[in-house]
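Participant: For reference, the structure I am asking about is given below.
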Amino acid sequence: MSLKCVIAVCLLANLALGVRYDYHSSQPVSRSLLTYYESVNATNTCTFEVAPCDPNEWRRLDGSCNNLKQPAKGTYFVPMIRLLESHYHNGNEPRKAVNGEDLPLPRKVRTSLLKVGKSSHPELSQQVPGFAAYVLMDIASIHDIEKMLLEKTDCCEPEHMNDPECTPNIIPEDDPVHRFSGIRCMNLTRPQTYQDFKCTKEKVPSLIIRATPTFDSSPVYNQFNDGYKARTYEGGLLITEEENGKLFPPTGPRGLCLLNQAPKETRCYQNHLNSVLPIHIFTLWFYRNHNSIAKELAKVNPHWDDETLYQTARDINIACQQQIFFYEWLTSVMGHDNLVKAGVISKDKGFRDVYDENSYPVMTLEYNHALRWFHTMLEDNSHLYDKDGNKVGEMPLLEMLFRSGWLPHGKNEEYVANGFIRQPCHNADHSIDHDIGERGLPIVQQALDLATSDLHKNRLFGLAPYIDYVKLFSNITVKDFDDLSPLIDEEHIYKLKLVYKDVRDIDLMAGMWSEKHMEGGHISKTLGDITIDALLRAIKGDRHWYERGNRPHCFTKAQMKEVRKATLALLVCNNGEGVTHVTKHGFYNVGPKNPLVPCSEIPQIKFSAWKEKCNKS
Ligand SMILES: *[C@@H]1O[C@H](CO)[C@@H](O)[C@H](O)[C@H]1NC(C)=O
Ligand SMILES: *[C@@H]1O[C@H](CO)[C@@H](O)[C@H](O)[C@H]1NC(C)=O
Ligand SMILES: *[C@@H]1O[C@H](CO)[C@@H](O)[C@H](O)[C@H]1NC(C)=O
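When you line the sequence shown up against mature numbering (1 follows the signal peptide of the UniProt record, and there is no 0), it's residues -18 to -1, 1 to 599, in that order.
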């Protein structure tokens, strides 16, 4: 056979079978690269097959074909971009201070900038940091925590401190808490990179991400890139198992439930995260929501097959999540007018189309990291309420991590759901709750400071100095500490001066912890700017964005109107266990302006809008 023929045969095969792409570059993988991957046994890790795109198909589970010209962009395991160039020392070590010394220890920075103590938010509810954690899971993954807990567990042993996979947090001698405890180290593993998996030969560390970069409810549909396993293939439904009269995603051996108390607590999700309670609860609510949508659709369209029901229900469920995220959650933390002005949300309730086919779905490393700022708003104890609004107890949130088995028992789920509705979150006032700073992962770790880990990761991710982001977003050239005064008040500039020797040394997360709130919002200004940048990319780059009037299988005007009714209140009423009353504005606290009302007062989505007109005769 001539060479031409061989190529022709290959092309034909490609058309039918799809093309093999390189994850890291999102380009078709060349013969020589494939040979290299084969030689290091990395073909299945670093490359994947994309079946031919059909411009009219639904949003794919793995995110491929979102951009028709670049079908591998925006898929599971495709790297994030950096807003600013990386800053590392010696390849993949944290950058040095301007004077050439090490930057101050992360734990030192944390204890200097964030004090530990109770402080309730005057306006916002515990649902705010809870939903932030869920959204983060839609675009990120917890592979590094899993690695620390399961594979690389000895980073605090003296002989492993210099292990390249380890990067433990050293506790300073004069630590306010651990001065006398004898604990001098907190476990941390180095973030995994495409270089670790041999998926790129580039020098700059490229952090892996096991999620699609679009807001497509990954925690519900595709946390492990094999989402088809969650389907029943009947009636468009996801698989459920019943326990104590309630429905849950299926349990299986792949689940990680380190804190389940045997023998009573056995539930552990096979296809979903068994993570912190808020992520767990939101995943559960959206999971059940899928099935209730599919059942309603089947009632109005009895002739629809499984595939149509599944895809339509998924599309509506994702739209509900996007609607709650953009129009309810974001507006509560950043202010409605700010978001309209920035073009992140639309002024009216109709369609809007800002899709740009030269753009594609992509996540910034900065946004992925900055979302951890919401740790500062998390209350460490979950207040438990029964459905009549009586407080029945408290439960440390972090004792619920990797413990899906607890929720189905007794009335636990009712207590948690009614608590999230009623509990204010931690005030974002430069303080954090005790367990966030001092307890981390109880039982499996002696001590862990989530905020310190966040700051340390900031450096391990090689993010640029804080002042470079101030220049980028606020157009302020910072030469010395006092130049920060438009963003940071005097007291916190002073605290920064005590811990950093040069203003150029300040880490992005430390700057965001120290900043005043953005005007008209409740979060740091730079966090707000990073958010706006990331979300504009998300809308522009997503061909399946729910507000578009001309995407494949787009909503009709009447359907769009129904989707606009999606609220946190509705989600909780329809899917929460033992919930009879909610506030209309679920991200705000209960109060005279936001009273508890019966679920019957929350407008329902009318699925009659999806009824197919029979005009075939
Ligand atoms: C090759 O990689 C796969 C995972 O992709 C692994 O299961 C297998 O053990 C590896 N084989 C060798 C020879 O290293
Ligand atoms: C580090 O992790 C291991 C395994 O999870 C644990 O046994 C050890 O206590 C941890 N060290 C500290 C200081 O918490
Ligand atoms: C940034 O500031 C400089 C001078 O302070 C000004 O000349 C420039 O127009 C500003 N850029 C933007 C985008 O506002």
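Just so you know, even glycine gets a beta-carbon here, dropped at the ideal spot from N, CA and C. Here the structure is a predicted model, which means the values were calculated and not measured.
In the DSSP output, which residue or residues are listed as bridge partners for Asp4?
Facilitator: One-based indexing of the sequence shown puts residue 4 at position 22. Answer is Thr29.
Participant: Please classify Ile425: does DSSP put it in a helix, a strand, or coil?
Facilitator: One-based indexing of the sequence shown puts residue 425 at position 443. Of the three classes helix, strand and coil, the one that applies to Ile425 here is coil, per DSSP.
Participant: I need the DSSP call for Lys547, collapsed to helix, strand or coil.
Facilitator: Mapped onto the sequence shown, residue 547 falls at position 565. In this structure, Lys547 counts as coil in the three-state DSSP scheme.
Participant: Since I believe Asn363 is in contact with Met377 (beta carbons under 8 Å), could you give me their beta-carbon distance rounded to a whole number of angstroms?
Facilitator: Translated into the one-based positions of the sequence shown, residue 377 becomes position 395. Translated into the one-based positions of the sequence shown, residue 363 becomes position 381. So it is a contact: roughly 7 Å between Cβ atoms.
Participant: Using CA atoms only, rank isn't needed, just tell me which of Pro284, Gly558, Ala193, Asn571 is closest to Gln108.
Facilitator: The residue you call residue 108 lines up with position 126 of the sequence shown. Closest by alpha carbon: Asn571.
Participant: Across which residues does DSSP place Met168 in a beta bridge pair?
Facilitator: Position 186 of the sequence shown, counted from the start, is the residue given in the question as residue 168. In the DSSP output, where bridge partners are listed per residue, Met168 has Asn151.
Participant: Touch check for the stretch 328 to 339 and the stretch 85 to 92: three-plus C-beta pairs under 8 Å?
Facilitator: No: the two stretches stay apart, fewer than three of their Cβ pairs being nearer than 8 Å.
Participant: So which of Trp40, Asn49, Val117 has the shortest CA-CA distance to Tyr349?
Facilitator: Against the sequence shown, residue 349 aligns to sequence position 367. If we check each option's Cα against that of Tyr349, Val117 comes out closest.
Participant: Assuming Ala433 and Ile418 make a contact with CB atoms under 8 Å, what is their CB distance in whole Å?
Facilitator: Looking up residue 433 in the sequence shown gives position 451. Looking up residue 418 in the sequence shown gives position 436. Right, the Cβ-Cβ distance comes to about 6 Å (below 8 Å), so this counts as a contact.
Participant: Which runs of the alpha helix (DSSP H) fall wholly inside the stretch 27 to 113 and span at least 4 residues, in chain order?
Facilitator: If we require 4 residues or more, the alpha helix (DSSP H) runs fully inside the stretch 27 to 113 come out as 88 to 95.
Participant: Would you kindly work out how many angstroms separate the C-alpha atoms of Asp288 and Phe206, rounded to a whole number?
Facilitator: What you label residue 288 is simply residue 306 of the sequence shown in a count that begins at 1. What you label residue 206 is simply residue 224 of the sequence shown in a count that begins at 1. When rounded, the distance between both Cα atoms is 22 Å.
Participant: Any chance the stretch 31 to 44 sits against the stretch 12 to 20, with 3 or more Cβ pairs inside 8 Å?
Facilitator: The stretch 31 to 44 is not in contact with the stretch 12 to 20.
Participant: To the nearest angstrom, how far is the alpha carbon of Trp311 from that of Cys137?
Facilitator: Mapped onto the sequence shown, residue 311 falls at position 329. Mapped onto the sequence shown, residue 137 falls at position 155. Rounded to whole angstroms, Trp311 to Cys137 spans 38 Å at the Cα level.
Participant: Roughly how many angstroms lie between the CA atoms of Ile521 and Ala244, to the nearest whole one?
Facilitator: Position 539 of the sequence shown holds residue 521. Position 262 of the sequence shown holds residue 244. So the two alpha carbons sit approximately 45 Å from each other.
Participant: Leaving out five residues before and five after Arg2 in sequence, what residues of the same chain have Cβ atoms less than 6 Å from its Cβ?
Facilitator: Position 20 of the sequence shown, counted from the start, is the residue given in the question as residue 2. So the qualifying residues of the chain are Val11, Thr29, Glu31.
Participant: Pick helix, strand or coil for Phe384, following the three-state DSSP scheme.
Facilitator: For this step, residue 384 is matched to residue 402 along the sequence shown. Residue state, collapsed to three classes: coil.
Participant: Output the residues surrounding ligand 1, defined as those with a CB atom closer than 5 Å to any ligand heavy atom, in chain order.
Facilitator: The filter returns Asn23, Asn26, in chain order.
Participant: Starting from the N-terminal end, write out each residue whose C-beta falls within a distance shorter than 6 Å of any non-hydrogen atom of ligand 2.
Facilitator: Taking each Cβ in turn, the ones that pass are Leu131, Thr135, Cys138, Ile165, Cys167, Met168, Asn169, Val426, Gln427, Gln428, Ala429.
Participant: Can you tell me which of the three DSSP states Ala540 falls into?
Facilitator: Here residue 540 corresponds to residue number 558 of the sequence shown, with the count starting at 1. Ala540 falls in the helix class under three-state DSSP.
Participant: Give me the Cα-Cα distance between Leu509 and Met316, rounded to the nearest whole angstrom.
Facilitator: Position 527 of the sequence shown holds residue 509. Position 334 of the sequence shown holds residue 316. Straight-line Cα distance between these residues: approximately 10 Å.
Participant: Start and end of the beta strand (DSSP E) containing Phe230?
Facilitator: Residue mapping note: residue 230 aligns to position 248 of the sequence shown, counting from 1. Per DSSP, Phe230 belongs to the beta strand (DSSP E) from 228 to 230.
Participant: If you pair each beta-carbon of the stretch 398 to 407 with each one of the stretch 248 to 256, do three or more pairs fall below 8 Å?
Facilitator: Counting Cβ pairs under 8 Å, fewer than three are found: no touch.
Participant: What residue from Pro150, His160, Lys55 has the CA that sits closest to Met168's CA?
Facilitator: Position 186 of the sequence shown, counting from 1, holds the residue named residue 168. Checked all of Pro150, His160, Lys55; the closest Cα to Met168 is Pro150.
Participant: With a threshold of 6 Å (Cβ to nearest heavy atom), would Asn409 be considered close to ligand 3?
Facilitator: Within the sequence shown, numbered from 1, the residue matching residue 409 stands at position 427. Flag unset: Cβ of Asn409 not near ligand 3.
Participant: Hey, quick one: how far does the alpha helix (DSSP H) through Pro260 stretch, first residue to last?
Facilitator: Translated into positions along the sequence shown, residue 260 becomes position 278. It spans 259 to 282 - the alpha helix (DSSP H) in which Pro260 sits, taken as one unbroken run.
Participant: Please report how far the alpha carbon of Gln427 lies from the alpha carbon of Ser68, in whole angstroms.
Facilitator: Stepping through the sequence shown from its first residue, residue 427 is reached at position 445. Stepping through the sequence shown from its first residue, residue 68 is reached at position 86. If I take the Cα positions, the gap works out to 31 Å.
Participant: Shorter than 6 Å, the distance from the beta carbon of Asn457 to the closest heavy atom of ligand 5, or not?
Facilitator: Among the ligands modelled here, namely ligand 1, ligand 2 and ligand 3, ligand 5 does not occur.
Participant: Does Met377 come out as helix, strand or coil in the three-state DSSP assignment?
Facilitator: Here residue 377 refers to the residue found at position 395 when the sequence shown is read from its first residue. Of the three classes helix, strand and coil, the one that applies to Met377 here is strand, per DSSP.
Participant: To the nearest angstrom, how far is it from the Cα of Ile275 to the Cα of Pro534?
Facilitator: Counting from one through the sequence shown, the residue named residue 275 turns up at place 293. Counting from one through the sequence shown, the residue named residue 534 turns up at place 552. Using only the alpha carbons, I get a separation of about 19 Å.
Participant: Quick one: is Lys(-15) buried, meaning 16 or more other Cβ sit within 10 Å of its Cβ, or exposed?
Facilitator: By one-based count along the sequence shown, residue -15 stands at place 4. No answer about Lys(-15) holds up, because its pLDDT of 48 lies below 50 and its placement is not dependable.
Participant: Please report the residue range of the alpha helix (DSSP H) in which Cys302 lies.
Facilitator: Position 320 of the sequence shown, counted from the first residue, corresponds to residue 302. That run of the alpha helix (DSSP H) goes 288 to 306.
Participant: Out of Asp145, Ile165, Asn144, which has the shortest C-alpha to C-alpha gap to Pro154?
Facilitator: The count along the sequence shown starts at 1 and reaches residue 154 at position 172. It is Ile165 whose Cα lies nearest to the Cα of Pro154.
Participant: Quick check on this structure: which residue in Ser14, Thr27, Ala24, Ala54 has the alpha carbon closest to the alpha carbon of Pro343?
Facilitator: If you number the sequence shown from 1, residue 343 lands on position 361. Of the listed residues, the one whose Cα sits closest to Pro343 is Ala54.
Participant: Compare the beta carbon distance of Asn242 and Gly73 with 7 Å and say whether it is the shorter of the two.
Facilitator: As a first step, residue 242 is located in the sequence shown; it is residue number 260 there, counting from the start. As a first step, residue 73 is located in the sequence shown; it is residue number 91 there, counting from the start. Against a cut-off of 7 Å, the Cβ pair of Gly73 and Asn242 comes out as no contact.
Participant: Residues in the same chain with beta-carbon distance under 6 Å from His142, minus the five sequence neighbours each way, listed in chain order, please.
Facilitator: Start at 1 with the first residue of the sequence shown, and residue 142 comes out as number 160. The residues are Asp136, Cys148.
Participant: Helix, strand or coil: which one does DSSP assign to Ile414?
Facilitator: By one-based count along the sequence shown, residue 414 stands at place 432. Here Ile414 sits in strand by DSSP.
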